[in-house]
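Chemist: Going by the working numbering, the first residue of the sequence shown is number 366, and it counts up by one from there.
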Amino acid sequence: MAANNTTSMMSNLSTTTPFDISVYTCSHVGLLLPAISEYTWSKSVRIFLYLIGMLWCFLGVAILADVFMCSIEKITSKTAKVRVPDANESSGFRILRVKVWNNTVANLSLLALGTSAPEILLSCIEIIFNNFEAGELGPSTIVGSAAFNLLVISGICIVCIPDGEVRRVKSMKVFAVTSFCCIWAYVWLIIVLIVWTPNIVTIEEAVLTLLMFPALILVAYVADRGFCLKKKELEHEQPSMVGFKMHAEKGDEESQALDKDSDDEDNAEIMRLCKELGHDVKDEGLPPEEAAQMAARKMTMDQSHDHLWYRINATRTFGGRKKLIPRVLGTFQEIYDHIQTPEEERGDLAVTKKKDHSEGGTRAVVEFTAAETAVLESEKRVRIGIRRHGKVGIPCTVRIETLNGTAVAHEDYIPFDQEVKFAENEELRQVYIEIVDDNEWEPDEFFFVKLHVPKTDSGEEQHVSLGNMAITQVIIINDDEPGKLEFQKPSIIAQESGRKVRVPVVRTGGADGHVSVKWSTKDISAVSGADYEGSEGELKFDHGETIKTIDIVIHDSKKKERDESFQITLGECDGGAVLGKITKTIVTIVIDEEFNGLVSRIMNLTKANMDALQIEESSYPAQFVEALNVNGGDLQGATVLDYIMHFMTFFWKVCKKIFQSKKQLTNNE
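1) Do Asp802 and Glu861 count as a contact pair if the criterion is CB distance below 7 Å?
2) Among Val829, Pro808, Ile490 and Glu810, which one has its Cα closest to the Cα of Leu816?
3) Cα-Cα, which of Val839, Trp561 and Arg864 is closest to His798?
4) What are the start and end residues of the beta strand (DSSP E) that includes Cys761?
5) Using the three-state DSSP reduction, which class does Glu614 fall into: helix, strand or coil?
6) Could you give the distance in angstroms between the alpha-carbon of Asn453 and the alpha-carbon of Ser442?
7) Distance, Cα to Cα, Lys439 vs Trp421?
8) Within 10 angstroms of the Cβ of Thr914, are there 16 or more other Cβ atoms? Answer buried if so, exposed if not.
9) By Cβ distance below 7 Å, which residues in the same chain neighbour Thr821 in space, the five residues on each side in sequence not counted?
10) Which value, in whole angstroms, describes the spacing of the CA atoms of Val747 and Glu789?
11) Does chain D have any CB closer than 7 Å to the CB of Ala471?
12) Assign Val410 to buried or exposed, taking buried as 16 or more other Cβ atoms, counted over all protein chains shown, within 10 Å of its Cβ.
13) Per DSSP, what kind of secondary structure is Ile565 in: helix, strand or coil?
14) Would Thr762 and Lys786 qualify as a contact pair, given that the criterion is a beta-carbon distance under 7 Å?
15) With a Cβ-Cβ cutoff of 7 Å, do His879 and Gly941 count as a contact?
16) Is the beta carbon of Glu484 closer than 7 Å to that of Leu502?
17) On the DSSP bridge list, what partners appear for Glu903?
18) Do you know how far the Cα of Glu792 is from the Cα of Lys1018?
19) With respect to the beta strand (DSSP E) encompassing Pro450, which residues constitute its N-terminal and C-terminal limits?
20) Decide if Tyr551 is buried, meaning its Cβ has at least 16 other Cβ atoms within 10 Å, or exposed.
21) Roughly how many angstroms lie between the CA atoms of Ile933 and Ile800, to the nearest whole one?
22) Roughly how many whole angstroms lie between the Cα atoms of Thr567 and Val508?
23) Kindly indicate the opening and closing residues of the alpha helix (DSSP H) around Gly509.
24) Check Lys1021 in the structure and name its three-state DSSP category.
25) State the beta-bridge partners of Ile919 as determined by DSSP.
26) Quick check on the DSSP output: the alpha helix (DSSP H) that includes Gly418 runs from which residue to which?
27) Name, in chain order, the residues that DSSP records as bridge partners for Glu799.
28) Is there contact between the stretch 867–877 and the stretch 885–903, where contact requires at least three CB pairs shorter than 8 Å?
29) Report buried or exposed for Asn996, applying the criterion of at least 16 other Cβ atoms within 10 angstroms of its Cβ.
30) Given that a residue counts as buried once 16 or more other Cβ atoms are within 10 Å of its Cβ, and exposed if not, what is Ala992?
31) Tell me the residue span of the beta strand (DSSP E) that contains Ser481.
32) Could you work out which residue in Glu903, Arg864, Thr1004 and Ile951 is closest to Gln853 when comparing CA atoms only?
33) Let me make sure I understand the geometry here. Which of Asp928, Pro579 and Met1010 has the alpha-carbon closest to that of Val955?
34) Could you name the residues of the same chain whose beta carbon sits closer than 6 Å to that of Gly425, not counting the 5 residues immediately before and after it, in chain order?
35) So the candidates are Pro808, Asp916 and Pro450; which of them puts its Cα closest to the Cα of Thr771?
36) From His601 to Ser519, what distance separates their C-alpha atoms?
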């Protein structure tokens, strides 16, 4: 009968397109194929074309189902505001956002329906058009998908756990319920199709099967809430207060609460991120727009999401559409990795990152070993150290020349202008500059030594860069005293955005021998631990050293409204040195209005980016424009894969926007 139907249908088709159907070997005709005379082509060609067509249709199904999945995610992520007693608040309570839907119920109902919608719809279509007889796709697709999720997906999730990390089942009771029901589903199929009514599903069996679904949800919900636990077990399992962020192993109730306690803490976290990135904007040349993208990505990744959210993002990735997680450009990946690292693992964040003069290790970097060197006039020569780092496996040449300061060439020192060559893997060189020792008393004098990078003999540029200390100062001291130690200035201004302040201590009237001085900080209007990192210590000067710095960490206070100050005092000296006149200095921490304006701009851009990353769609014209552009219009963050997938799915994206009905968004309050 099937063969006669096939012959009749193919004969009708041959009235418009003549071809021989005798070689057609399929037992029946599909809904779409054969479309033309492709059945006469070789099997390898048809297999390739049919595979491409099938994958293209799969992309279309995923894109068209995106609206359905987004709607479900919108429903299950709905939150409500609740009041929680808090003695630390002036009102006696604090307002938290709590999920309306229980996570277990949402995962087993709407989220499961959304992810399995294509299989369910395919089975329904097939059984309706097949006189309510099981076809070759519908039931097999559902059972096969369930087996795939149980075996393959679970295995991949276990294998993909990085080394050294641990993943735990959040609620073993819910896991036990769903695991039992998963195995029971296959046992129930055997009972229905083999034991009770072989090869037939009766109405009673279908209704009973359907009722097992709400029963599963109810039992899982009871297990999740711990209604059947004893009182002691319940107190042990549940946290004392609903809504606060806790570790997963402490209980299941916190899954109902959002990651952040309140909108104020969300804003505080955004402010902290934007201030940290603001330093990179100033110091590293990071564009404010890219800083806002990083902050939005960090905030998005720190929030908790259900598996449907990740599925939607994956679907949009393979469709060349705008993603829910913004992409960080490779140029700034190091900065993003830095803010991703937990604060306790970063080390001293107050130290501003230095510019990489080696350009990723591709160039040699040459600089002096010290920014300032002192020499006694009686020593008759001074040693200048030059170091090389970065790419040290190549030979290079630098030129060194002296420049007059208060010291004059030939009168106080012998001018120096020579080339210094570094051999392969040589990192340190030294040069000596002659000092003129006369019998006349003179105050301390100084001159400068400067580095240059000459061209090669052939006129080519060397792969060499100068470091931060490309100029050093040489101070000629006229006596052999250990010297006096004092602050360079009686007061210092420090910007709160500077992360730290360096307070210089100078050694005058001599630089002979090793000396040291103790120092300590004292609060004035600034508070140690809140506005700055108060401390005490000992500053040591080696022979010939004339300047050292005390580094104090500055805390960037969120609520600072006025300038604040603290004092640093020099104490007991050792090594024969004595204190000078300026033994105390006041450090004033001032508000950096320019930096605060930059942070405000980054915050506004971050909030705009986070709004744009929401799953719910924008206005209909904006949606249509987004569908016509690669990566939703974000061309800077688009990859080659985004361009390829955009052109492959362009038809489906346009169809989705044309036929998509205007949806009503609920008020997520």
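Where a beta carbon is used, it is the ideal one built from N, C-alpha and C, also for glycine.
Modeler: Result, derived from the coordinates:
1) One-based indexing of the sequence shown puts residue 861 at position 496. One-based indexing of the sequence shown puts residue 802 at position 437. Inclusion of Glu861 and Asp802 in the CB contact set at 7 Å is not warranted, their separation being larger than that value.
2) What you label residue 816 is simply residue 451 of the sequence shown in a count that begins at 1. Selected option, being the one with the closest Cα: Val829.
3) Taking the first residue of the sequence shown as 1, we reach residue 798 at position 433. Looking at the sequence itself, residue 798 is Ile, so the reference to His does not match. Comparing Cα positions, the closest option is Val839.
4) The count along the sequence shown starts at 1 and reaches residue 761 at position 396. Element bounds for Cys761: Cys761 to Asn769.
5) Your numbering for residue 614 matches position 249 in the sequence shown. Only weak support exists for where Glu614 lies, its pLDDT of 38 falling under 50; the coordinates are left without a value.
6) Numbered from its first residue, the sequence shown carries residue 453 at position 88. Numbered from its first residue, the sequence shown carries residue 442 at position 77. Rounded to the nearest angstrom, the two C-alpha atoms are 29 Å apart.
7) What you label residue 439 is simply residue 74 of the sequence shown in a count that begins at 1. What you label residue 421 is simply residue 56 of the sequence shown in a count that begins at 1. CA-to-CA, the gap between Lys439 and Trp421 works out to about 27 Å.
8) Working through the sequence shown from its first residue, we reach residue 914 at position 549. Answer is exposed; the Cβ neighbour count stays below 16.
9) For the purposes of this step, residue 821 is identified with residue 456 of the sequence shown, where counting begins at 1. Result list for Thr821: Gln827, in chain order.
10) Translated into the one-based positions of the sequence shown, residue 747 becomes position 382. Translated into the one-based positions of the sequence shown, residue 789 becomes position 424. Whole-angstrom Cα-Cα distance: 26 Å.
11) The chain labelled as chain D is not found in the depicted structure, where only one protein chain is given.
12) Taking the first residue of the sequence shown as 1, we reach residue 410 at position 45. Flag for Val410 reads exposed.
13) Start at 1 with the first residue of the sequence shown, and residue 565 comes out as number 200. Looking at Ile565 - three-state DSSP - the assignment turns out to be coil, as it is neither helix nor strand.
14) Here residue 762 is taken as the residue at index 397 of the sequence shown, counted from 1. Here residue 786 is taken as the residue at index 421 of the sequence shown, counted from 1. Judged by beta-carbon spacing, Lys786 lies within the 7 Å limit of Thr762, meaning their Cβ atoms are closer than that value.
15) If you number the sequence shown from 1, residue 879 lands on position 514. If you number the sequence shown from 1, residue 941 lands on position 576. Cβ distance not < 7 Å, so His879 and Gly941 don't count as in contact.
16) As a first step, residue 502 must be located in the sequence shown, where it is residue number 137. As a first step, residue 484 must be located in the sequence shown, where it is residue number 119. Taking 7 Å as the Cβ cut-off, Leu502 and Glu484 do not qualify as a contacting pair.
17) Mapped onto the sequence shown, residue 903 falls at position 538. Beta-bridge partners assigned by DSSP to Glu903: Lys883.
18) Counting from 1 along the sequence shown, the entry for residue 1018 is found at position 653. Counting from 1 along the sequence shown, the entry for residue 792 is found at position 427. Approximately 59 Å, taken between the alpha carbons.
19) Here residue 450 refers to the residue found at position 85 of the sequence shown. Per DSSP, Pro450 belongs to the beta strand (DSSP E) from Thr444 to Pro450.
20) The residue you call residue 551 lines up with position 186 of the sequence shown. By the neighbour-count definition (other C-beta atoms within 10 Å, threshold 16), Tyr551 is an exposed residue.
21) Your numbering for residue 933 matches position 568 in the sequence shown. Your numbering for residue 800 matches position 435 in the sequence shown. Approximately 37 Å between the Cα atoms of the pair.
22) Against the sequence shown, residue 567 aligns to sequence position 202. Against the sequence shown, residue 508 aligns to sequence position 143. For Thr567 and Val508, the distance between alpha carbons rounds to 19 Å.
23) The count along the sequence shown starts at 1 and reaches residue 509 at position 144. It spans Gly503 to Phe513 - the alpha helix (DSSP H) in which Gly509 sits, taken as one unbroken run.
24) For this step, residue 1021 is matched to residue 656 along the sequence shown. Reduced to three states, the DSSP call for Lys1021 is helix.
25) For the purposes of this step, residue 919 is taken as residue 554 along the sequence shown, with counting starting at 1. Answer is Tyr897, bridged to Ile919.
26) As a position in the sequence shown, residue 418 is number 53, starting the count at 1. The continuous alpha helix (DSSP H) containing Gly418 extends over residues Lys408 to Leu429.
27) To locate residue 799, count along the sequence shown from 1; it is residue 434. Looking at the DSSP output, Glu799 sits in a beta bridge with Arg746.
28) The stretch 867–877, when compared against the stretch 885–903, does not touch it at the 8 Å Cβ threshold.
29) Taking the sequence shown and counting its residues from 1, the one referred to as residue 996 is at position 631. With at least 16 other beta carbons inside 10 angstroms of its own, Asn996 counts as buried.
30) Position 627 of the sequence shown holds residue 992. Result: buried.
31) Numbered from 1 along the sequence shown, position 116 holds the residue referred to as residue 481. No beta strand (DSSP E) contains Ser481, which is instead part of the alpha helix (DSSP H) from Leu475 to Ile493.
32) Position 488 of the sequence shown holds residue 853. Closest by alpha carbon: Ile951.
33) On the sequence shown, position 590 is the one that residue 955 refers to. In this structure, Asp928 is the residue among Asp928, Pro579 and Met1010 with its C-alpha nearest to the C-alpha of Val955.
34) In the sequence shown, counting from the first residue as 1, residue 425 sits at position 60. Contacts found: Trp1017.
35) If you number the sequence shown from 1, residue 771 lands on position 406. Nearest of Pro808, Asp916 and Pro450 to Thr771, Cα basis: Pro808.
36) Counted from its first residue, the sequence shown places residue 601 at position 236. Counted from its first residue, the sequence shown places residue 519 at position 154. Any answer about His601 is weak, because its pLDDT of 47 lies below 50 and its placement is not dependable; what the coordinates show is given next. Cα atoms of His601 and Ser519: separation of roughly 30 Å, rounded to the nearest angstrom.
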